[in-house]
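Number of protein chains: 2
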Amino acid sequence: MADSKKWVLMATAQTPTNIAVIKYWGKRDETLILPVNDSISVTLDPSHLCTTTTVAVSPGFEQDRMWLNGKEISLSGGRFQSCLREIRSRACDVEDKEKGIKIEKKDWEKLHVHIASYNNFPTAAGLASSAAGFACLVFSLAKLMNLKENPSQLSAIARQGSGSACRSLFGGFVKWIMGKDENGSDSLAVQLVEEEHWNELVIIIAVVSARQKETSSTSGMRESVETSLLLQHRAKEIVPKRIVKMEEAIKNRDFSSFAQLTCADSNQFHAVCLDTSPPIFYMNDTSHRIISYVEKWNRSEGSPQVAYTFDAGPNAVLIARDRQVAAQLLRRLLFFFPPNSDTDLNSYVLGDKSILHDAGIGGSKDVEALQCPPEITNVPAQKYTGEINNFICTKPGRGPVLLSDESKALLNLETGLPK
Amino acid sequence: MADSKKWVLMATAQTPTNIAVIKYWGKRDETLILPVNDSISVTLDPSHLCTTTTVAVSPGFEQDRMWLNGKEISLSGGRFQSCLREIRSRACDVEDKEKGIKIEKKDWEKLHVHIASYNNFPTAAGLASSAAGFACLVFSLAKLMNLKENPSQLSAIARQGSGSACRSLFGGFVKWIMGKDENGSDSLAVQLVEEEHWNELVIIIAVVSARQKETSSTSGMRESVETSLLLQHRAKEIVPKRIVKMEEAIKNRDFSSFAQLTCADSNQFHAVCLDTSPPIFYMNDTSHRIISYVEKWNRSEGSPQVAYTFDAGPNAVLIARDRQVAAQLLRRLLFFFPPNSDTDLNSYVLGDKSILHDAGIGGSKDVEALQCPPEITNVPAQKYTGEINNFICTKPGRGPVLLSDESKALLNLETGLPK
């Protein structure tokens, strides 16, 4: 190890979030985070939803420290400790000749790390912030400490931070295999297809509420396992068959099957939440309205155009068959859920704004002029102004990447503290 | 048969509604209305919620006719026809010496009936109006036509009008045995205990919305049977065990078990609705709020004080352990859901008004002065003015009765037409 206490070595990575289309709900092992069933997710484009994490090591650091969205948080939790322990035990020699830094494998146990993480979307609002967060923590530390493990092996470490984090180690469509081993070594993620495989898909997220959710997914899941009489039946009898069908649908880009399975599995996950004692409600009336509109539209079209899925919160994740459908979907969403009069359209529709252009919407005048969709028969249709905070237009995206541009780092290269 | 075409013979009956505490959801035979599982209900006091039906027969009637809440409705539906056919086939000799009327068994096939029915509560708002309605139709026709069948045998006829109607043929707690026969002859209701057995219970119904519901229970149930992968598991594996436990709880007046089973089964029924494709939402945000308050209160008390159950609509049926708890419950409900400023308290809390008195509430000033319940920690608590249409205070009640007072008849004794 270099003897100067001054040096700081850093790595910065960007990791996507993911949304499950076959849901993970229920652990068979709380500590190792081993699930009761396989799950499948789509990785979301990190340009619109991602976590950026910088990790740094320096002989001058006196303890492991972490900052989330600029605020220091405790690393004492078992989940952080599990990830740090698992990564440190796999760390390898690192040498930066330019800076004259050499860290040997055995040194890592004594060195402390600083971690700074930033989500470009609201934390704990049902947008899988912990998934992207733990995936990014593990990925960036693995780069810093020169781990030789492949992404699947890293996913088994990220899993111990937050179950769904393991699926954020890949782009495209990802399967988390539940595994059989008691030590969890075979409970890891694999990529099903890359994001280019099905690049017609467009995803629109309706952010219904950015308030902190009432029941965390960790405690909700535990209560479901302990009290729902439907959960085990779902995990053992229903999900295994759905996983096979979903893999097939993704492989064949069969949107009808994909949408049918995605919607049914989202609804069944929320059904299990409702079957929990006390019952857990993640969806609200706005979520229900969105489902009803999508179901009505899909039925009127004769085949599914849009799939919906909801995680542990009221936000709708809507997956459109293609750009053309996405534009029509956005028109419908803006018709039913126009922004408040004081909300600028530019801050109401975020992400890939070209969908707005495709929808022929340039300003609030265009939103006001939207006609009621033809499938709505009970006119005048009711509008729900202000029920949606904003929409995010995105698409399936790539997995984690290392950011070599040091200007993107969240920690100061001199001090190792947040910029 | 008397040869004068002038005479009209009538019978008027009053039949209670009922609310299931172990739910009926799913038919194994659509025509005979045979369920996929047993169910258990509590009969509600007919002084507050009931159907009154007058049936009349006259050689002057040219066809079967029916009026519901003053408006003529068609009797051509299969369910009405099933009930009428089953009852006519069992009709016996009737003689009214005073009026000089004699109808022989064989005459009934040729005679037409007039039926007038009136609900003292909103129709099709999830308050089991069809249950009370068909039970009253069958009960009053059975009296008019002098059927020898006992109430259980009559329940098997009422069942063919509306499944849950069979449970309205008795007071107290009632079990609908699903039966095994293909012809449905053993799918009927039996009384578990009379209403006096557990007369401490007080029931408060929160009428969340009296709008017509979107998905009728008939079509909802069919869609659940066809598409929910959880329904059969519930029907075959879960409900049979719950039925045994619920009978035990009722027999022993074990409120804790009763409440736990009632709430869990209501939630599971709604979970199956959510697992249906397209999903069915009967509860809304107001329903969810009521559940959350009750769960929080029950937890803070250490043992359940109040059970909740929701049928195919957003209305909450709350069953309080005793009068004292009911008064506390009403105070809490009025705190969270005060009436609109233009709503009189007297039209906001209906039914047994003595609960209002027990709650120490004499007028709107008292409602405004209500303190936040101690179990609510995030003060100031949010209030939801206007989300509830009204509350109905009631209790377990008796089964159908014949009303001998002719002034209560809904049909004119001279014309056989609605008064």
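Chains as they are written, first to last, in the numbering used here: chain A, 2 to 420; chain B, 2 to 420. Here a beta-carbon is modelled for each residue, glycine too, at the ideal position from N, C-alpha and C. These figures come from a predicted structure and were not determined experimentally.
Rounded C-alpha distance that separates D65 (chain B) from L138 (chain B): Answer to the nearest angstrom: the Cα atoms are 13 Å apart.
Spatial distance of T386 (chain A) from L334 (chain B) (CA atoms): 28 Å
To which residues of the same chain is L148 (chain A) closer than 6 Å at the C-beta, ignoring the five residues directly before and after it? R91
Could you tell me which uninterrupted beta strand (DSSP E) segments, each at least 3 residues in length, are contained entirely in the stretch 114-188 of chain B, listed from first to last along the chain? 174-178
Note down, in chain order, every chain A residue with its Cβ under 9 Å from the Cβ of I292 (chain B). P279, P280, F282
Could you tell me which of A:Y25, A:D39, A:T18, A:W177 sits nearest to K242 (chain A), measuring between CA atoms? A:D39
DSSP on N70 (chain B), reduced to helix/strand/coil? coil
Which residue or residues does DSSP assign as beta-bridge partners of K111 (chain B)? Answer by DSSP bridge pairing: none, since K111 (chain B) is not bridged.
Is it a yes or a no for the stretch 391-407 of chain B touching the stretch 11-18 of chain B, going by three-plus beta-carbon pairs under 8 Å? Contact holds: three or more Cβ-Cβ distances are below 8 Å.
Jot down the residue ranges of each uninterrupted alpha helix (DSSP H) in the stretch 341-385 of chain A, minimum 4 residues, whole runs only, in chain order. 346-349, 355-359, 365-369
Under 7 Å, do S131 (chain B) and L69 (chain B) count as touching if we go by C-beta distance? Taking 7 Å as the cut-off, the Cβ atoms of S131 (chain B) and L69 (chain B) do not count as close.
Stretch pair the stretch 360-377 of chain A + the stretch 165-182 of chain A: three plus CB contacts closer than 8 Å: no
With respect to the beta strand (DSSP E) encompassing N391 (chain A), which residues constitute its N-terminal and C-terminal limits? 391-395
Is there at least one Cβ from chain A nearer than 7 Å to E249 (chain B)'s Cβ? no
Candidates B:P315, B:L232, B:S42, B:Y349: closest to I244 (chain B) by CA position: B:S42
Which one or two residues does DSSP pair with T52 (chain A) in a beta bridge? A:T16, A:N120
Residue range of the beta strand (DSSP E) that includes K28 (chain B): 28-30
For L230 (chain B), decide whether its Cβ has a neighbour in chain A, counting only Cβ atoms nearer than 7 Å. yes
Is the distance from the Cβ of K28 (chain A) to the Cβ of D266 (chain A) below 7 Å? One thing to note: K28 (chain A) has its Cβ no nearer than 7 Å to the Cβ of D266 (chain A).
At a CB distance below 8 Å, what residues from the stretch 175-188 of chain B approach chain A? Give them in sequence order. none
Enumerate, from N- to C-terminal direction, the unbroken alpha helix (DSSP H) stretches of 4 or more residues contained entirely within the stretch 194-243 of chain A. Listed in chain order, they are 218-228.
Can at least three beta-carbon pairs, one atom from the stretch 382-397 of chain A and one from the stretch 197-207 of chain A, be found at a separation below 8 Å? yes
What do you reckon, is the C-beta of F122 (chain A) under 6 Å from a heavy atom of the ligand FAD? The ligand FAD is not among the ligands present in this structure, which contains no ligands whatsoever.
Measure the C-alpha to C-alpha separation of A321 (chain A) and K107 (chain A) and round it to an integer number of angstroms. 50 Å
Can you give me the start and stop residues for the alpha helix (DSSP H) that D266 (chain A) sits inside? 256-275
If the cut-off is 7 Å on Cβ atoms, which residues from the stretch 367-389 of chain A count as contacting chain B, listed in chain order? Nothing from the stretch 367-389 of chain A brings a Cβ to less than 7 Å from some Cβ of chain B.
Let me make sure I understand the geometry here. Which of A:C93, A:N316, A:F171, A:I102 has the alpha-carbon closest to that of V9 (chain A)? A:I102
Can you give the Cα-Cα distance for S304 (chain B) and E31 (chain A), rounded to whole angstroms? 28 Å
With D97 (chain B) as the anchor, note down where its beta strand (DSSP E) starts and where it stops. 95-97
Limits of the unbroken alpha helix (DSSP H) element including T287 (chain A): 286-302
Going straight from the alpha carbon of Q269 (chain A) to that of D323 (chain A), what length do you get? If you draw a straight line from the Cα of Q269 (chain A) to the Cα of D323 (chain A), it is about 26 Å long.
Close beta carbons around N391 (chain A), own chain, < 6 Å, minus the five adjacent residues each side: V208, Y349, L351
Please tell me whether N316 (chain B) has its Cβ less than 7 Å away from any Cβ of chain A. No - not a single Cβ of chain A is within 7 Å of the one on N316 (chain B).
Grab the span of the alpha helix (DSSP H) containing L335 (chain B) for me, first residue to last. 324-337
Within-7 Å CB hit, A272 (chain A) to chain B: It does: the Cβ of A272 (chain A) has a partner Cβ on chain B nearer than 7 Å.
How should C93 (chain B) be labelled, buried or exposed, when 16 other C-beta atoms within 10 angstroms of its C-beta is the threshold for buried? exposed
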